[in-house]
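Sequence lines, in order, name chains A and B. Every position in the first sequence, counted from 1, becomes a number in my numbering once 61 is added. Every position in the second sequence, counted from 1, becomes a number in my numbering once 26 is added. Note that CB positions come from ideal geometry on N, CA and C, so glycine has one too. Notes to accompany the following structure.
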Amino acid sequence: MSLTQALATAVSGLRVNQAGLSLVAANVANADTPGYVRKTPIQVTIAAGDLGVGVRVAAINRQLDQYIQRQLRVESSGASYAGLRAQFYDRLQNVYGVPGSASSFESAFNDFKTALQALSTSPDSTSARAGVLSSATVLTQQLNSMSADIQGLRGDAEFGLADAVTRANDAMQRIAQINRQLGTADASDATTASLQDQRDQCIDQLAQLMDIKVVRGDHNQVTVFTSSGIQLVGIEAAQLSFDPQGTMTATAQWNANPAQRTVGTLVLKGPNGGDIDLIANRSIHSGEIAAYLEMRDQVLVEAQAQLDEIAATMARALSDRTLAGTPVTVGTQAGFDIDLASLLNGNSVRVTYTDNLTSTQHVLTLVRVDDPAALPLPDTATTDPNDRVIDLDFSGGIASVASQLNAALMQTSLQFSNPAGTTLRILDDGAASAVDVNAVAASITSTALAGGSAELPFFLDASTPYTGAITSIGGQSVGFAGRIAVNAGLLADPSKLVVFQTSPLTPAGDATRPNFIYDQLANATFDFSPVSGIGATTAPFRGSLPQMIRQVISHQGDAAHAAANLKEGQDVVFNSLRQRFNNTSSVNVDEEMANLLNLQNAYAANARVMSTIKEMLDTLLKM
Amino acid sequence: MSISGIGSQTSLIVQSLVDTRRQLDDLQRQLGTGKKADTYAGLGLDRGLAVGLRAHVASLGGFDNAITNVGVRINLAQVALGRISDITHQIKAATLQPGAIDSNGSTNAQLNAYLELGELLGLLNTQAGDRYLFSGRSTDQPAVETLDHVMNGDGARAGLKQITAERKQADLGANGLGRLLITAPTPFSVRLREDVVSPFGLKLAGVTSNLANATVTPSGPPTGTTVDLTAGNPNDGDTIEYRFTLPDGSTESITLTATTSANPGPNQFAIGATSDLTAGNLLTALTAAVGKLAATSLTAASAVAAAGDFFNVDAGQPPQRVAAPPFDTATAFVAGTPADTVTWYTGEMGADPARATATASVDTSITVSYGLRANEQGLRWVVQNVAALAAMTFSQSDPNAAERSAALNQRIGTALAVPAGTQKVEDIEGELAGAQTTLSAASDRHRQTKATLSDMLEQIEGISNEEVASTILAMQTRLQASLQTTALLFQTSLVRYL
Numbered sequence: 062m063s064l065t066q067a068l069a070t071a072v073s074g075l076r077v078n079q080a081g082l083s084l085v086a087a088n089v090a091n092a093d094t095p096g097y098v099r100k101t102p103i104q105v106t107i108a109a110g111d112l113g114v115g116v117r118v119a120a121i122n123r124q125l126d127q128y129i130q131r132q133l134r135v136e137s138s139g140a141s142y143a144g145l146r147a148q149f150y151d152r153l154q155n156v157y158g159v160p161g162s163a164s165s166f167e168s169a170f171n172d173f174k175t176a177l178q179a180l181s182t183s184p185d186s187t188s189a190r191a192g193v194l195s196s197a198t199v200l201t202q203q204l205n206s207m208s209a210d211i212q213g214l215r216g217d218a219e220f221g222l223a224d225a226v227t228r229a230n231d232a233m234q235r236i237a238q239i240n241r242q243l244g245t246a247d248a249s250d251a252t253t254a255s256l257q258d259q260r261d262q263c264i265d266q267l268a269q270l271m272d273i274k275v276v277r278g279d280h281n282q283v284t285v286f287t288s289s290g291i292q293l294v295g296i297e298a299a300q301l302s303f304d305p306q307g308t309m310t311a312t313a314q315w316n317a318n319p320a321q322r323t324v325g326t327l328v329l330k331g332p333n334g335g336d337i338d339l340i341a342n343r344s345i346h347s348g349e350i351a352a353y354l355e356m357r358d359q360v361l362v363e364a365q366a367q368l369d370e371i372a373a374t375m376a377r378a379l380s381d382r383t384l385a386g387t388p389v390t391v392g393t394q395a396g397f398d399i400d401l402a403s404l405l406n407g408n409s410v411r412v413t414y415t416d417n418l419t420s421t422q423h424v425l426t427l428v429r430v431d432d433p434a435a436l437p438l439p440d441t442a443t444t445d446p447n448d449r450v451i452d453l454d455f456s457g458g459i460a461s462v463a464s465q466l467n468a469a470l471m472q473t474s475l476q477f478s479n480p481a482g483t484t485l486r487i488l489d490d491g492a493a494s495a496v497d498v499n500a501v502a503a504s505i506t507s508t509a510l511a512g513g514s515a516e517l518p519f520f521l522d523a524s525t526p527y528t529g530a531i532t533s534i535g536g537q538s539v540g541f542a543g544r545i546a547v548n549a550g551l552l553a554d555p556s557k558l559v560v561f562q563t564s565p566l567t568p569a570g571d572a573t574r575p576n577f578i579y580d581q582l583a584n585a586t587f588d589f590s591p592v593s594g595i596g597a598t599t600a601p602f603r604g605s606l607p608q609m610i611r612q613v614i615s616h617q618g619d620a621a622h623a624a625a626n627l628k629e630g631q632d633v634v635f636n637s638l639r640q641r642f643n644n645t646s647s648v649n650v651d652e653e654m655a656n657l658l659n660l661q662n663a664y665a666a667n668a669r670v671m672s673t674i675k676e677m678l679d680t681l682l683k684m
Numbered sequence: 027m028s029i030s031g032i033g034s035q036t037s038l039i040v041q042s043l044v045d046t047r048r049q050l051d052d053l054q055r056q057l058g059t060g061k062k063a064d065t066y067a068g069l070g071l072d073r074g075l076a077v078g079l080r081a082h083v084a085s086l087g088g089f090d091n092a093i094t095n096v097g098v099r100i101n102l103a104q105v106a107l108g109r110i111s112d113i114t115h116q117i118k119a120a121t122l123q124p125g126a127i128d129s130n131g132s133t134n135a136q137l138n139a140y141l142e143l144g145e146l147l148g149l150l151n152t153q154a155g156d157r158y159l160f161s162g163r164s165t166d167q168p169a170v171e172t173l174d175h176v177m178n179g180d181g182a183r184a185g186l187k188q189i190t191a192e193r194k195q196a197d198l199g200a201n202g203l204g205r206l207l208i209t210a211p212t213p214f215s216v217r218l219r220e221d222v223v224s225p226f227g228l229k230l231a232g233v234t235s236n237l238a239n240a241t242v243t244p245s246g247p248p249t250g251t252t253v254d255l256t257a258g259n260p261n262d263g264d265t266i267e268y269r270f271t272l273p274d275g276s277t278e279s280i281t282l283t284a285t286t287s288a289n290p291g292p293n294q295f296a297i298g299a300t301s302d303l304t305a306g307n308l309l310t311a312l313t314a315a316v317g318k319l320a321a322t323s324l325t326a327a328s329a330v331a332a333a334g335d336f337f338n339v340d341a342g343q344p345p346q347r348v349a350a351p352p353f354d355t356a357t358a359f360v361a362g363t364p365a366d367t368v369t370w371y372t373g374e375m376g377a378d379p380a381r382a383t384a385t386a387s388v389d390t391s392i393t394v395s396y397g398l399r400a401n402e403q404g405l406r407w408v409v410q411n412v413a414a415l416a417a418m419t420f421s422q423s424d425p426n427a428a429e430r431s432a433a434l435n436q437r438i439g440t441a442l443a444v445p446a447g448t449q450k451v452e453d454i455e456g457e458l459a460g461a462q463t464t465l466s467a468a469s470d471r472h473r474q475t476k477a478t479l480s481d482m483l484e485q486i487e488g489i490s491n492e493e494v495a496s497t498i499l500a501m502q503t504r505l506q507a508s509l510q511t512t513a514l515l516f517q518t519s520l521v522r523y524l
């Protein structure tokens, strides 16, 4: 009978209205719940028999624009990458101090220079000497503390990574768990919808940590990959692991070789076994983890290298003296003798010769290397882009050095020998005249405070001379800014700032040494190693120490400014996307209220239908 | 940035309010500190320039300190040099007036010289702060010894007076004839010759004779000359002139005139009946004249030379003494050692110019040299001559005292006029004045440069108060409007109207 049918239809209408009401209630209640996506019922007509038409809620729809959601996730990775990077750069800026303030690095250096100017004017003045030493101490302490700050930041990045890995693992576990729950029931009811909400939120969290790709499968399943294509989550979650190092030092660096790696690395353990080193594979390009890695392994390492380069140049500028070779002729062969007795580990001899066949001048740099693990040295071991670097093992004495050189430089026709003692003799080929030796000079680190020349070991590596020794873990320069100190001997005897020889005793008013120190620090030009990120291997930055400091500060300021700009730009993109996403997905209370009115009306109408049917039935029954 | 999750609409609005508020706070900081940013990142593109400018300003500060310090030093040195110059003129004036010899054996000029020598030494020990200005590089050591040590020595170390006395013995010789032997090799001849080859005493420079019948034959070394009168007597009025070089480089001559007078005056010799008698007379006259020359000019010249030996010290050039005893037959000098001779100059010695012993950079590539050494030619010359004058003693009973004093006065007076071509005190003053000019020019330049640099630095790092204040005002208005709108937005909800 069609009346009963109509009643049934009205009831189905009431049921749908109630469902709609409960969704409005849910939407309003969750208006501010993070990750909540507005739900709407999907109504379908049900036909039964010829006339019977009813309605039912077929599914709960999540008002979601998947295209925007995907884009939002990409930008969310980018935003958290840019945000974290900007935050680190900002903290790094603090290391260099407030521009122009007394505590800034440049002020410390300028103060040192001014104190040296005063010493040049009054070499005999005790207070001028004390002034130089105290400002030098301040400068070294500044370098030490800047170095410690940078390593502190690296340590923060290391712990940040550990924390991010924990959060990523939590999110991945949760995604896998929800995937499994949704897999069992292929329904699209409210439970399913809210589980999907939760899963999306977990994926969003993961997207903040790293750049991911999400692929939707059947049965409400999603699979998450890194953007490089390694699967992170399916039914099972992969496990990320990270082994943080307790204390961070400048020498602690990431290396593809696990034996030489002294910081934590990021390993992905797949659900089916198999470990993948995500850093070695360069699998992560965005998100917090990428920002932490970039900071820990590049930006901060480079910032440290810049300070190290400044510290090393300061030390060597004052301590390195040049020992020129003595011309010597043997028969028809001409060349030079050079005494290598005081050549220290890391010191070098520069040989310039002309190849007469091609009329080109070549430069050889012979470097003393005591750590066999560091061999062989590349030509980039020195800042000079045009030289050929030859490492020398001094353990067998100079005779062995000569034979090492003869073996390495057979083609050049140069002849090396050890005529006596610690002398190295470098000769051309005599009458054949295929090659001529132009000059030989050694650069030797002075270790004595009064060694007879203006050079002095003003700055030490803690308590040993800084010679620029090269070792397998990078060499003495790595982290030198954290260890540089004013020579304790100088602090104990400030007169050595002036007295460079004891017989005859340098007069107290002799400005030779103060002038030398000032000139080296203020005016002399040096080649700076490109590891600092300033200058290139083929064209190293050449300039004075103040210019290098200016470059470093400018370079860091630029980078920090660019990072802040990137963050702002990324924030704009991210926020506008979020706005668009919200427009479709978030709850608009006004809209819900309007729906409520609609539902109320519909409910009243349905009820009206029912009461009419009842009246009609009553009429029928009364007949 | 806090991302609480997708879907919280309100956080977006709040975020933008917080951002505005943060900008407002930063503007307030700018207004408070007057600085555009508190990190290098915030300074903008000119951050590198700012660092460079500040380094430049700092180095200008260093140069200015140097200029101030060096300026004081040069001023003090100029005052001392001015006074030394005055003393030179005073002593020179005093030597022009013949003075009586007092009971202590000194003339007025000498007493004056002694006092002024004390002042000279004091002036040469002038200090600027703890720095001795006339010690070359040894600025922590006095430049010169005390007056007492210089004149009288110090224990075993001989002073000027002893050196002068020794030199006097060496120059005069045992016979008081300036190390000359005057003999008669034959009855008809007179021979004058130096006793040995030595740097001491009178040096025979030449003999000019117009004595008739005389044969003059030079001999030596040791340099000598023989006048032979075997051929006969000279005529009345004929002369013979002996020229001598004295230890101080001056020359004197003795001219003896033949006379027929029975009582020949000084520098005359009687023509005898035979030429052998004449030769005897010539011998006597020559001996007397040489003795007189030795007691007067030679003694004075010896004192001047001794002062030169004593004061002319430098690197590798110690004070010179007579190699002795015995002094009166000495033939050579010996270098005084720190143990036996006072070295009046105690500062740093060197072959390089004295001015180069103290230099100051007053600009990037401008260096001022202002070092001084008390043993510089110009300064030493004054001290040496004043000391020579002060060291001599006379005896009232000595008949030659007045002449000797005159000889000394004349020599010192001439010397203090400073021979052309040698350094004068005024030359040193002039050089320092040049340095002072450089200093003041540099100082002026620095003041201008500093002003320009500070201006540029201010443009990079500073803020315009007006701009910041108006921005704050604008932002405040915007924030208020934004807050009100937000409030309004939250109020206008359908919920309130149902």
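Legend entry - Of the listed residues B:Gly68, B:Phe89, B:Thr46, nearest to B:Lys476 (C-alpha basis): B:Phe89
Inset, instruction - Consult DSSP for A:Val77 and reduce its assignment to one of helix, strand or coil. - result: helix
Inset, instruction - Can you tell me which of A:Glu652, A:Asp432, A:Ser504 puts its alpha carbon nearest to the alpha carbon of A:Ala385? - result: A:Ser504
Legend entry - CA nearest to the CA of A:Ala86, picked from A:Gly74, A:Ala511, A:Pro95, A:Thr101: Among A:Gly74, A:Ala511, A:Pro95, A:Thr101, the Cα nearest to that of A:Ala86 belongs to A:Thr101.
Inset, instruction - Reducing DSSP to helix, strand and coil, say where A:Asn122 ends up. - result: The answer is strand: DSSP assigns A:Asn122 an E or B state.
Inset, instruction - Would you mind reading off the limits of the beta strand (DSSP E) that contains A:Thr421? - result: From DSSP, the beta strand (DSSP E) with A:Thr421 extends over 421-429.
Legend entry - Sheet register partners of A:Ser504 (DSSP bridge): As a beta-bridge residue in DSSP terms, A:Ser504 pairs with A:Thr383, A:Ser409.
Legend entry - Inter-residue CB distance, B:Thr243 and B:Glu267 (contact presumed, cutoff 8 Å): About 16 Å; that fails the 8 Å criterion.
Inset, instruction - Keeping to the same chain, check which residues put their C-beta closer than 8 Å to that of A:Thr393; ignore five residues upstream and five downstream. - result: Gly491, Ala492
Inset, instruction - Specify the secondary structure class of A:Glu516 as computed by DSSP and reduced to three states. - result: In the structure shown, A:Glu516 adopts coil according to DSSP, grouped into three states.
Legend entry - Proximal residues of chain E, C-beta to C-beta of B:Asp166 below 9 Å: No chain E appears in the structure shown, which is made up of the protein chains A and B.
Inset, instruction - Look up A:Phe170 in the DSSP assignment and say whether it is helix, strand or coil. - result: helix
Inset, instruction - Answer yes or no: do A:Asp304 and A:Thr323 have a C-beta to C-beta separation smaller than 8 Å? - result: no
Legend entry - A:Ala67 burial status per 10 Å Cβ neighbour count (16 or more: buried): buried
Inset, instruction - Spell out whether any CB of chain A is found under 8 Å from the CB atom of B:Asn134. - result: So, not an interface residue.
Inset, instruction - Would you kindly report the start and end of the unbroken alpha helix (DSSP H) that includes A:Ala341? - result: Counting along the chain, A:Ala341 falls outside any alpha helix (DSSP H), and DSSP gives it neither H nor E.
Inset, instruction - Would you mind reading off the limits of the alpha helix (DSSP H) that contains A:Phe577? - result: 573-583
Inset, instruction - Just the chain A side, please: which residues come within less than 8 Å of B:Asn91 by C-beta, in chain order? - result: Contact of B:Asn91 with chain A by beta-carbon distance below 8 Å involves Thr175, Gln178, Ala179, Thr182.
Legend entry - Reference B:Gly269; option with closest CA among B:Thr419, B:Gly250, B:Leu230: Here residue 269 of chain B is Arg; the residue named in the question, Gly, does not match the sequence. Closest option to B:Arg269, Cα to Cα, is B:Leu230.
Legend entry - Supposed contact pair A:Ala378 and A:Phe587 - C-beta distance, whole angstroms, cut 8 Å: 7 Å
Inset, instruction - Could you name the residues that DSSP lists as bridge partners for B:Ser279? - result: Beta-bridge pairing links B:Ser279 to B:Arg269.
Inset, instruction - Assess, as a yes-or-no matter, whether the segment 493-503 of chain A is touched by the segment 355-370 of chain A under the definition of 3 or more beta carbon pairs within less than 8 Å. - result: No, because fewer than three Cβ pairs between the segment 355-370 of chain A and the segment 493-503 of chain A fall closer than 8 Å, the two stretches do not touch.
Inset, instruction - Just tell me which of B:Arg99, B:Leu203, B:Leu71, B:Gln54 has its CA closest to the CA of B:Leu483. - result: B:Leu71
Inset, instruction - Taking B:Thr94 as the reference, give the member of B:Leu514, B:Val388, B:Ala428, B:Glu492 with the closest Cα. - result: B:Val388
Inset, instruction - Please list the partners that B:Glu374 has in chain A, where partner means a Cβ-to-Cβ separation under 7 Å. - result: Pro568
Inset, instruction - Measure the Cβ-Cβ separation of A:Val116 and A:Ala108 and say whether it is below 8 Å. - result: no
Inset, instruction - Could you pull out every residue in the same chain whose Cβ sits closer than 6 Å to the Cβ of A:Asn644, ignoring the five residues on either side in sequence? - result: none
Legend entry - Per-residue contacts from A:Asn155 into chain B (C-beta, under 8 Å): Thr65
Inset, instruction - Examine chain A for any beta-carbon lying closer than 8 Å to the beta-carbon of B:Arg73, and answer yes or no. - result: yes
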